[in-house]
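J.: Following this message is one structure expressed as structure tokens.
In the numbering used here, the protein residues as written are 244 to 834.
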């Protein structure tokens, strides 16, 4: 093999991972909140256990995991445990407070309302939060504190606007001289603010109180709807944010923020409609962003030398992805059914398969003729394809497809609570599908970035797209305001090509034994050990075995793997500061 990275050794199979989260409740009254906590735990990749305080005395041992370590996070169903009429003994609260102060546990009192025992609340928070009042009216907006960037990260200081919620938040009452840091403020139509969630230090630990809304609708909505719809913001998002913060590296995460602007359709000619390539390059260099051209393969022979040279010399600013093949309408439409009023003609599966293969052939011809590299990422013209076409993309080893649609043509969302919350979906044909978004109404005076920030907060890339006649109609620097805003976020963003983003798109978490679990999404992923010690990495990726696997390599060398329970698994030892490039090649098996 022609490997440029170190050959690596296989790691032993992963061992068991202890629980990281304890949920405390009394009786069945905590069942809906318990279901949400279980769902969020699964989404974050941690194991949770529950304890009914109505049937057990709380001892220090019960606040420790299987290895005898304090749980990093204990969540209390406040409406059953801390209700003024609760039968929970005072000794329980004393044990909890001691474990927080001495053991460093983060205690989250979830969904506190006006029925809370104010004395118990003040005791657990060391007097920082002493009660919960009813808000005067439904919140018109929420403001996220910029005093807790460790919790809110990309959302720090942001305002969430939306339709009024159907269930009111509570308003926390802070103690005199409170040491609490407010995490979320609710605001009425007049702008009057009140604390909805706040955190207070208690000894070596912390106690967070969440008085956000939590109505019956929570049981009927997916996590994606609860997260992305503004009217539901305080139902689940503060809970999710505190869980991610308290669990730290033990939850799925990626510490790098990626962003990309894709412009659909342009040929590499100067100018192309309202797009000037030298002009755009100057704007990208001044405002630090990257543009991918979703390039129509049929145009492969039309590229001008001067424009091609810009792409070759500035791969940090310009890149190419694949935009269909001929761009002759909705070329990856239904297989046998024309659109209404003949809007689009049917496109048989075999025609689509031929277009997918020819697109790569033409992009290779373009690369040989111009020296401009491209990423095998399909951006479908007009809209995404039917699900079976994704199998052909997988057969031809495309990295992913990136579109405005979250599901294939005519496909429904899977019945999975956390669908749409990971960086890519592999729910359809086992092929990665990523969603991109328009930056807002044109001209971009006030770009709508709320959903992009929500994407970044859960470790999705911020994927913008537009057309020349939309974005650059007024001026070539129209996107500068968006780039400036994202570059000013806590931690900033890395503007990269779609291919670079996809090859670095994975989530990781540290297990209790010091090893690392990895969730990969594409067939070509580079995992980096940024720590200071050699570690075992246990990589998994969805594999539905609808296309033969030709071979699996790590750093260019054939490597052992296994497929079990719908996942392809690779276990590898990565030295400190080194990388493992995992490639899964599909097609006819290698002899």
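C-beta atoms are modelled at their ideal positions from N, C-alpha and C, and glycine is treated no differently.
Quick check on the DSSP output: the alpha helix (DSSP H) that includes residue 487 runs from which residue to which?
T.: Against the chain shown, residue 487 aligns to sequence position 244. Per DSSP, residue 487 belongs to the alpha helix (DSSP H) from 476 to 490.
J.: Is it buried or exposed for residue 623, if we count other Cβ within 10 angstroms and need 16 for buried?
T.: Counting from 1 along the chain shown, the entry for residue 623 is found at position 380. Counting Cβ neighbours within 10 Å, residue 623 comes out buried, since at least 16 surround it.
J.: Name the residue from 330, 376 and 325 whose alpha carbon lies nearest to the alpha carbon of residue 351.
T.: Start at 1 with the first residue of the chain shown, and residue 351 comes out as number 108. Residue 325 is the option with its Cα nearest to residue 351.
J.: How many Å lie between residue 432 and residue 379 at the Cα?
T.: By one-based count along the chain shown, residue 432 stands at place 189. By one-based count along the chain shown, residue 379 stands at place 136. Cα to Cα, the separation comes out at about 11 Å.
J.: Let me know the secondary structure DSSP gives residue 596 once reduced to three states.
T.: Sequence index remark: in the chain shown, residue 596 carries index 353 (1-based). Residue 596: helix per DSSP, three-state reduction.
J.: Quick check: the Cα distance between residue 649 and residue 252, rounded to an integer number of angstroms?
T.: Along the chain shown, one-based indexing puts residue 649 at 406. Along the chain shown, one-based indexing puts residue 252 at 9. Those two C-alpha atoms are separated by around 38 Å.
J.: In angstroms, rounded to a whole number, what distance separates the CA positions of residue 802 and residue 396?
T.: For the purposes of this step, residue 802 is taken as residue 559 along the chain shown, with counting starting at 1. For the purposes of this step, residue 396 is taken as residue 153 along the chain shown, with counting starting at 1. The straight-line gap from Cα to Cα measures roughly 37 Å.
J.: Please look up how many angstroms separate the CB atoms of residue 367 and residue 355, rounded, as I've assumed it's under 8 Å.
T.: Walking along the chain shown from the start, residue 367 turns up at place 124. Walking along the chain shown from the start, residue 355 turns up at place 112. At roughly 11 Å, the Cβ-Cβ gap does not stay under 8 Å, so residue 367 and residue 355 are not in contact.
J.: Within the continuous beta strand (DSSP E) that includes residue 444, where are the two ends?
T.: Along the chain shown, one-based indexing puts residue 444 at 201. Run containing residue 444: 436 to 445, per the beta strand (DSSP E) assignment.
J.: Quick check: is any heavy atom of the ligand FMN less than 7 Å from the C-beta of residue 632?
T.: The ligand FMN is absent from the structure shown, which contains no ligand whatsoever.
J.: Between the Cα of residue 660 and those of 467, 389, 398 and 745, spot the shortest distance and give me the residue it belongs to.
T.: Mapped onto the chain shown, residue 660 falls at position 417. The shortest Cα separation from residue 660 among 467, 389, 398 and 745 belongs to 467.
J.: Using three-state DSSP, classify residue 368 as helix, strand or coil.
T.: In the chain shown, counting from the first residue as 1, residue 368 sits at position 125. Of the three classes helix, strand and coil, the one that applies to residue 368 here is coil, per DSSP.
J.: CA-CA distance, residue 672 and residue 625?
T.: Within the chain shown, numbered from 1, the residue matching residue 672 stands at position 429. Within the chain shown, numbered from 1, the residue matching residue 625 stands at position 382. Between residue 672 and residue 625, the C-alpha separation is close to 21 Å.
J.: Would you kindly report the start and end of the unbroken beta strand (DSSP E) that includes residue 676?
T.: Taking the chain shown and counting its residues from 1, one reaches residue 676 at position 433. Taken as a continuous stretch (DSSP letters only), the beta strand (DSSP E) holding residue 676 covers 676 to 678.
J.: Going by C-alpha distance, which of 779, 413, 693 and 556 is nearest residue 473?
T.: On the chain shown, residue 473 is found 230 positions in, with the first residue counted as 1. Out of 779, 413, 693 and 556, 693 has the C-alpha closest to the C-alpha of residue 473.
J.: Please classify residue 637: does DSSP put it in a helix, a strand, or coil?
T.: The count along the chain shown starts at 1 and reaches residue 637 at position 394. Here residue 637 sits in helix by DSSP.
J.: My output table needs one value for residue 323: the three-state DSSP class, helix, strand or coil.
T.: Reading the chain shown from its first residue, position 80 is the one you call residue 323. Helix, per DSSP.
J.: Hey, residue 703 and residue 657 are a contact pair by Cβ (cut 8 Å); roughly how many whole angstroms apart?
T.: Translated into the one-based positions of the chain shown, residue 703 becomes position 460. Translated into the one-based positions of the chain shown, residue 657 becomes position 414. About 18 Å separates the two Cβ atoms, so there is no contact after all.
J.: Compute the beta-carbon to beta-carbon distance between residue 289 and residue 493, rounded to the nearest angstrom, for a pair I have assumed lies under 8 Å.
T.: Translated into positions along the chain shown, residue 289 becomes position 46. Translated into positions along the chain shown, residue 493 becomes position 250. With a Cβ gap of about 6 Å, residue 289 and residue 493 count as contacting.
J.: Spatial neighbours of residue 789 within its chain, please: CB distance less than 8 Å, with the 5 preceding and 5 following residues excluded, ordered by chain position.
T.: Residue numbering aside, residue 789 sits at position 546 when the chain shown is read from its first letter. Cβ within range, chain order: 634, 637, 672 and 673.
J.: Taking the C-alpha atoms as reference points, what is the distance between residue 246 and residue 477?
T.: What you label residue 246 is simply residue 3 of the chain shown in a count that begins at 1. What you label residue 477 is simply residue 234 of the chain shown in a count that begins at 1. Residue placement at residue 246 is poorly supported in this model, since its pLDDT is 46, which falls under 50; the coordinates still yield a value, given next. Rounded to the nearest angstrom, the two C-alpha atoms are 49 Å apart.
J.: Count the other CB atoms, across all protein chains shown, that sit within 10 Å of the CB of residue 244; report buried if there are 16 or more and exposed otherwise.
T.: On the chain shown, residue 244 is found 1 positions in, with the first residue counted as 1. Residue placement at residue 244 is poorly supported in this model, since its pLDDT is 41, which falls under 50; the coordinates are not used for a value here.
J.: If residue 518 sits next to residue 509, beta carbons under 8 Å apart, how far is it from one beta carbon to the other, in whole angstroms?
T.: For this step, residue 518 is matched to residue 275 along the chain shown. For this step, residue 509 is matched to residue 266 along the chain shown. Contact holds; Cβ gap of about 6 Å.
J.: So, at 7 Å on beta carbons, what are the nonlocal neighbours of residue 249 in its own chain, with the 5 sequence-adjacent residues on each side left out?
T.: For this step, residue 249 is matched to residue 6 along the chain shown. Around residue 249: 798 and 821.
J.: Pick helix, strand or coil for residue 521, following the three-state DSSP scheme.
T.: Position 278 of the chain shown, counted from the start, is the residue given in the question as residue 521. Residue 521: helix per DSSP, three-state reduction.
J.: I'd like the ranges of any alpha helix (DSSP H) spanning at least 4 consecutive residues and lying wholly in the region 705 to 767.
T.: Listed in chain order, the complete alpha helix (DSSP H) runs (minimum 4 residues) inside the region 705 to 767 are 711 to 714, 723 to 730 and 741 to 746.
J.: Looking at the unbroken alpha helix (DSSP H) that takes in residue 395, where does it start and where does it end?
T.: Here the question's residue 395 lines up with position 152 in the chain shown. First-last of the alpha helix (DSSP H) with residue 395: 392 to 395.
J.: At a cut of 8 Å, does the region 377 to 393 reach the region 410 to 419 through at least three beta carbon pairs?
T.: Contact holds: three or more Cβ-Cβ distances are below 8 Å.
J.: In this structure, does DSSP put residue 493 in helix, strand or coil?
T.: To locate residue 493, count along the chain shown from 1; it is residue 250. If DSSP states are grouped into helix, strand and coil, residue 493 belongs with the helices.
J.: One question on the structure: do residue 451 and residue 462 come within less than 8 Å of each other, judged by their Cβ atoms?
T.: Numbered from its first residue, the chain shown carries residue 451 at position 208. Numbered from its first residue, the chain shown carries residue 462 at position 219. Their beta carbons are not under 8 Å apart, which means residue 451 does not touch residue 462 by this criterion.
J.: Buried or exposed for residue 532, please, with buried defined as at least 16 other CB atoms from any protein chain shown within 10 angstroms of its CB.
T.: The count along the chain shown starts at 1 and reaches residue 532 at position 289. Counting Cβ neighbours within 10 Å, residue 532 comes out buried, since at least 16 surround it.
J.: CB residue 348 to CB residue 394, shorter than 8 Å?
T.: Mapped onto the chain shown, residue 348 falls at position 105. Mapped onto the chain shown, residue 394 falls at position 151. Contact: no.
J.: Let's test the definition: count the other Cβ atoms within 10 Å of the Cβ of residue 255 and tell me whether it reaches 16, buried, or not, exposed.
T.: Looking up residue 255 in the chain shown gives position 12. Answer is exposed; the Cβ neighbour count stays below 16.
J.: Rounded to the nearest angstrom, what separates residue 486 and residue 469 at their Cα positions?
T.: Numbered from its first residue, the chain shown carries residue 486 at position 243. Numbered from its first residue, the chain shown carries residue 469 at position 226. Rounded to the nearest angstrom, the two C-alpha atoms are 16 Å apart.
J.: Please report how far the alpha carbon of residue 814 lies from the alpha carbon of residue 426, in whole angstroms.
T.: Residue numbering aside, residue 814 sits at position 571 when the chain shown is read from its first letter. Residue numbering aside, residue 426 sits at position 183 when the chain shown is read from its first letter. When rounded, the distance between both Cα atoms is 39 Å.
J.: Would you say residue 482 and residue 283 are within 8 Å of each other, going by their C-beta atoms?
T.: Looking up residue 482 in the chain shown gives position 239. Looking up residue 283 in the chain shown gives position 40. For residue 482 and residue 283, yes; Cβs fall inside 8 Å.
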